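Heads up: the protein sequence lines correspond to chains S and X, in order. Be aware that the first sequence starts at 1, since it is given in our numbering, and climbs by one per residue. Be aware that the second sequence starts at 1001, since it is given in our numbering, and climbs by one per residue. We put the CB at the ideal spot given by N, CA and C, even for glycine. Predicted, not measured: the structure shown is a model, and the values here were computed from it. Written below as structure tokens is the structure these notes are about.
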Amino acid sequence: MSHPFTIVHPGTGSDATPVTPRNVPVHGGPVSVSAAAVEARFPGAVSRVVVARGETTVIVSAAKVHEIIQWLHDEPAQSYEYLSDVTAVEFRDLSQPLEVVWHLRSLRFRRFIRVKVQIVKGQKLEVPSVWDIYKGADWLERECYDMFGIKFAGHPDLRRILLWEQYKEGFPLRKDFPLRGRFSRSEQLKNALSANPESRYSMEELSIADAFEDLPADMRKRLSGGEKTGE
Amino acid sequence: MGLNGAEFAGHGPATEMVHMDARPGESWVTTKLDFLVNWGRANSLWPMPFGTACCAIEFMASAASKYDLARFGMERMAFSPRQSDVLICAGRVPFKLAPIIRRIWQQMPQPKWCISMGACASTGGMFDNYAVVQGIDTIIPVDVYVPGCPPRPEGLIYGIMMLQKKIMNERNAQAGIRDEMSPDPISKLYIPASRIDELSEPFGNSVHQTRSAP
């Protein structure tokens, strides 16, 4: 395709004019056509399809999720070109599996689909990264790692994004994390104050990488050694 | 000099502090040096706004034309700590910002003061959680606390006038009045750890909000 998608003006294209959905049932309702397409394309990978409040959720296996999202992105009939969110859910009922959630949107077809992977308790918290499909997944996956401790295999720079890198107390949105943190207030303040506020930026964030070739040789040597900026 | 009692209105018994002799041709004034210096400082406080949350919106309203902080000699917002006199911390301070506000405070030259604006900056407010500092007085010394969530501009202006009164009552010859805080080199705390734990004790119903594993 020369264009990523063709603009559909309301009432002129194949899609009808968008209307506000009314009287949407809490459970059940029409299933998104993409869900059936995924089931047909990847037999055995979809464990369940749930429709809640008019939105379709496809629960898939962790081994196939990258392939499925890649297909949803690439397939012209699906064309999910926008990744709204990557997040996770842990339930208060600790026997329930932890869920990693991808929210995909097709601007072309005005469709939404939610892809979930369930990680049974006790299993390794690792799912494939979709950074190679959607570059916007970079910070979303870092946030998810920061808050839940979920590893995204294939992410280029997986480290904390909201909390500082030396944060020692764990992953705050996990249910075993106490609301006030694990340490006493003085201990938390001690840890926070000993952090160097300038050390948490990577070379990429400082855009030095762009000008790397133009830098003097000694500076290049220093930076390629992984040295952090700041004092 | 064009000083007269009316210009000192609001700063105590001004007419007693300034003595004028207006003989024709050789007008002169006597006053205490402390009074003159403090008067100058109190009426030209340059704020360093440290706005992190909704309190900063009220701070902007205070600085805008209706409430007009310029009336208090504060029209110049110093966005460099090197050229400011009063740090106004408007909003909650997460632990990630703790070293930053500490450094901004250390970069400010003496004389300097600090206003903690709003419930979150003063106590952590409703954010009694893992991420938020329970009162910036655990990081830097604070002169005036302004309560409110967020405080109205009148509240902030009242706090500023309280600070002006405090400045007017300073004695510059007093030993230690301009001492910098000296944080412990290892822990970086400037008050004892036990005091910080005491200051940030849980209060209200927030004790019941702690969710931990069963």
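Item to check | Reduced DSSP secondary structure (H/G/I, E/B, other) of X/Ser1062 | outcome: Taking the first residue of the second sequence as 1, we reach residue 1062 of chain X at position 62. Per DSSP, reduced to three states, the secondary structure at X/Ser1062 is helical.
Checklist entry - Can you tell which of S/Ile119, S/Glu67, S/Arg159 has its C-alpha closest to the C-alpha of S/Arg41? => result Counted from its first residue, the first sequence places residue 41 of chain S at position 41. Checked all of S/Ile119, S/Glu67, S/Arg159; the closest Cα to S/Arg41 is S/Glu67.
Item to check | Interface partners of S/Ser47 on chain X, CB under 9 angstroms | outcome: On the first sequence, residue 47 of chain S is found 47 positions in, with the first residue counted as 1. What S/Ser47 touches in chain X: nothing, since even the nearest Cβ is about 27 angstroms away.
Checklist entry - Alpha carbon to alpha carbon, what distance is there between X/Met1017 and X/Gly1002? => result Residue numbering aside, residue 1002 of chain X sits at position 2 when the second sequence is read from its first letter. Residue numbering aside, residue 1017 of chain X sits at position 17 when the second sequence is read from its first letter. Because X/Gly1002 sits at a pLDDT of 43, beneath the cut-off of 50, its placement in the model cannot be relied upon, and the following sentence gives the value as read from the coordinates. Each residue's alpha carbon lies about 15 angstroms from the other.
Next on the checklist: My output table needs one value for S/Ile59: the three-state DSSP class, helix, strand or coil.
Outcome noted: Translated into positions along the first sequence, residue 59 of chain S becomes position 59. Looking at S/Ile59 - three-state DSSP - the assignment turns out to be strand.
Checklist entry - For the stretch 46 to 65 of chain S against the stretch 21 to 30 of chain S, are there 3 or more C-beta pairs whose distance is under 8 angstroms? => result yes
Item to check | First and last residue of the uninterrupted beta strand (DSSP E) at X/Thr1052 | outcome: Position 52 of the second sequence, counting from 1, holds the residue named residue 1052 of chain X. Here X/Thr1052 belongs to no beta strand (DSSP E), and DSSP marks it neither H nor E.
Item to check | Under the three-state DSSP convention, the category S/Gln118 falls into | outcome: Position 118 of the first sequence, counted from the start, is the residue given in the question as residue 118 of chain S. Strand at S/Gln118.
Next on the checklist: If I measure Cβ to Cβ from X/Ala1193 and keep anything under 8 angstroms in the same chain, skipping five residues before and after, which residues do I get?
Outcome noted: Taking the second sequence and counting its residues from 1, the one referred to as residue 1193 of chain X is at position 193. Non-local C-beta neighbours of X/Ala1193 in its own chain, meaning closer than 8 angstroms and more than five positions away in sequence, comprise Ser1187, ordered along the chain.
Checklist entry - For S/Pro178, which of helix, strand or coil comes out of DSSP? => result Locating residue 178 of chain S in the first sequence gives position 178, counting from the first residue. Reduced to three states, the DSSP call for S/Pro178 is coil.
Next on the checklist: I'd like the ranges of any beta strand (DSSP E) spanning at least 3 consecutive residues and lying wholly in the stretch 1081 to 1106 of chain X.
Outcome noted: 1086 to 1090
Checklist entry - When you compare only the Cα positions, how much space is there between S/Ile150 and X/Lys1096? => result Looking up residue 150 of chain S in the first sequence gives position 150. Looking up residue 1096 of chain X in the second sequence gives position 96. Near 22 angstroms, if we compare the C-alpha coordinates of X/Lys1096 and S/Ile150.
Item to check | Chain-ordered chain X contacts of S/Lys190 [CB-CB under 8 angstroms] | outcome: Along the first sequence, read from residue 1 onward, the residue named residue 190 of chain S stands at position 190. In chain order: Ser1187, Lys1188, Leu1189, Ala1193.
Checklist entry - In chain order, what residues of the stretch 1086 to 1111 of chain X put their CB closer than 7 angstroms to some CB of chain S? => result Phe1095, Lys1096, Ala1098, Pro1099, Ile1100, Arg1102, Arg1103
Item to check | Within chain X, partners of S/Arg185 - CB distance below 7 angstroms | outcome: Residue numbering aside, residue 185 of chain S sits at position 185 when the first sequence is read from its first letter. Near S/Arg185 (Cβ distances below 7 angstroms), the residues of chain X are Gln1134, Ile1196, Asp1197, Ser1200.
Item to check | S/Glu187 - DSSP class collapsed to helix/strand/coil | outcome: The sequence position of residue 187 of chain S within the first sequence is 187, counting from 1. Three-state result, S/Glu187: helix.
Next on the checklist: Against chain S, with Cβ distances strictly below 8 angstroms, would X/Thr1123 count as a contact?
Outcome noted: Here residue 1123 of chain X refers to the residue found at position 123 of the second sequence. Chain S contact via Cβ: absent.
Next on the checklist: Going by the DSSP bridge assignment, what does S/Pro128 pair with across the sheet?
Outcome noted: One-based indexing of the first sequence puts residue 128 of chain S at position 128. S/Pro128 is bridged to S/Ala153.
Next on the checklist: Any beta carbon of chain S sitting closer than 8 angstroms to that of X/Thr1031?
Outcome noted: As a first step, residue 1031 of chain X must be located in the second sequence, where it is residue number 31. Chain S contact via Cβ: absent.
Checklist entry - Straight-line CA distance for S/Ser106 to S/Glu90? => result Within the first sequence, residue 106 of chain S is the residue found at index 106, counting from 1. Within the first sequence, residue 90 of chain S is the residue found at index 90, counting from 1. About 27 angstroms.
Item to check | Pick from S/Val86, S/Arg110, S/Ser95, S/Arg111 that is closest to S/His103, judged by C-alpha positions | outcome: Here the question's residue 103 of chain S lines up with position 103 in the first sequence. For the residues S/Val86, S/Arg110, S/Ser95, S/Arg111, the minimum Cα distance to S/His103 belongs to S/Val86.
Item to check | Segment limits, alpha helix (DSSP H) that includes S/Ile68 | outcome: Locating residue 68 of chain S in the first sequence gives position 68, where the first residue counts as 1. Run containing S/Ile68: 65 to 74, per the alpha helix (DSSP H) assignment.
Checklist entry - When the cut-off is 8 angstroms and only beta carbons count, does S/Ser95 lie next to chain X? => result Numbered from 1 along the first sequence, position 95 holds the residue referred to as residue 95 of chain S. Taking Cβ atoms only, chain X never reaches closer than 8 angstroms to S/Ser95, which makes this a no.
Next on the checklist: Closer than 9 angstroms between beta carbons: that is the criterion. Which residues of the stretch 1126 to 1157 of chain X meet it against chain S?
Outcome noted: Asp1128, Asn1129, Tyr1130, Ala1131, Val1133, Gln1134, Thr1138, Ile1139
Item to check | Residue range of the unbroken beta strand (DSSP E) whose run includes X/Tyr1145 | outcome: The residue labelled residue 1145 of chain X in the question sits at position 145 within the second sequence. Element bounds for X/Tyr1145: 1144 to 1146.
Item to check | Cβ neighbours of S/Phe109 in the same chain (closer than 6 angstroms, five flanking residues each side left out) | outcome: Locating residue 109 of chain S in the first sequence gives position 109, counting from the first residue. Taken in chain order, the list of residues that qualify is empty.
Checklist entry - Hey, how far is the Cα of S/Ala35 from the Cα of S/Gly29? => result Numbered from 1 along the first sequence, position 35 holds the residue referred to as residue 35 of chain S. Numbered from 1 along the first sequence, position 29 holds the residue referred to as residue 29 of chain S. Each residue's alpha carbon lies about 13 angstroms from the other.
Item to check | Reference X/Ala1061, options X/Ala1078, X/Gly1155, X/Ser1027, X/Gln1083, closest by Cα | outcome: Taking the first residue of the second sequence as 1, we reach residue 1061 of chain X at position 61. That would be X/Gly1155, whose Cα lies nearest to the Cα of X/Ala1061.
Next on the checklist: Could you compute how far the alpha carbon of X/Met1168 sits from the alpha carbon of X/Asn1038?
Outcome noted: Along the second sequence, one-based indexing puts residue 1168 of chain X at 168. Along the second sequence, one-based indexing puts residue 1038 of chain X at 38. Straight-line Cα distance between these residues: approximately 5 angstroms.
Next on the checklist: Please tell me whether S/Arg180 has its Cβ less than 8 angstroms away from any Cβ of chain X.
Outcome noted: Sequence index remark: in the first sequence, residue 180 of chain S carries index 180 (1-based). With 8 angstroms as the cut-off, S/Arg180 counts as an interface residue toward chain X.
Checklist entry - Going by beta carbon distance, what residues of the same chain come within less than 6 angstroms of S/Leu98, once the five residues before and after it are set aside? => result Taking the first residue of the first sequence as position 1, residue 98 of chain S is located at position 98. Excluding positions up to five away in sequence, the list reads Glu90, Ile119.
Next on the checklist: Between which residues of its own chain and X/Ala1042 is the CB-CB distance below 6 angstroms, once the five residues before and five after are set aside?
Outcome noted: Against the second sequence, residue 1042 of chain X aligns to sequence position 42. Excluding positions up to five away in sequence, the list reads Gln1164, Ile1167, Met1168.
Next on the checklist: Could you check whether the Cβ of S/Glu143 sits closer than 8 angstroms to any Cβ belonging to chain X?
Outcome noted: Here residue 143 of chain S refers to the residue found at position 143 when the first sequence is read from its first residue. Closer than 8 angstroms: no.
Item to check | Among S/Asp176, S/Ala192, S/Ser186, nearest to S/Arg92 - alpha-carbon criterion | outcome: In the first sequence, residue 92 of chain S corresponds to position 92, counting from 1. Of the listed residues, the one whose Cα sits closest to S/Arg92 is S/Asp176.
Checklist entry - Nearest CA to the CA of X/Val1144: which residue from X/Gly1051, X/Ser1084, X/Trp1113? => result As a first step, residue 1144 of chain X is located in the second sequence; it is residue number 144 there, counting from the start. Cα-wise, what sits closest to X/Val1144 is X/Trp1113.
Next on the checklist: Within 8 angstroms of any Cβ in chain X, is that where the Cβ of S/Trp139 sits?
Outcome noted: Walking along the first sequence from the start, residue 139 of chain S turns up at place 139. Not closer than 8 angstroms to any Cβ of chain X, the Cβ of S/Trp139 fails to qualify, so no.
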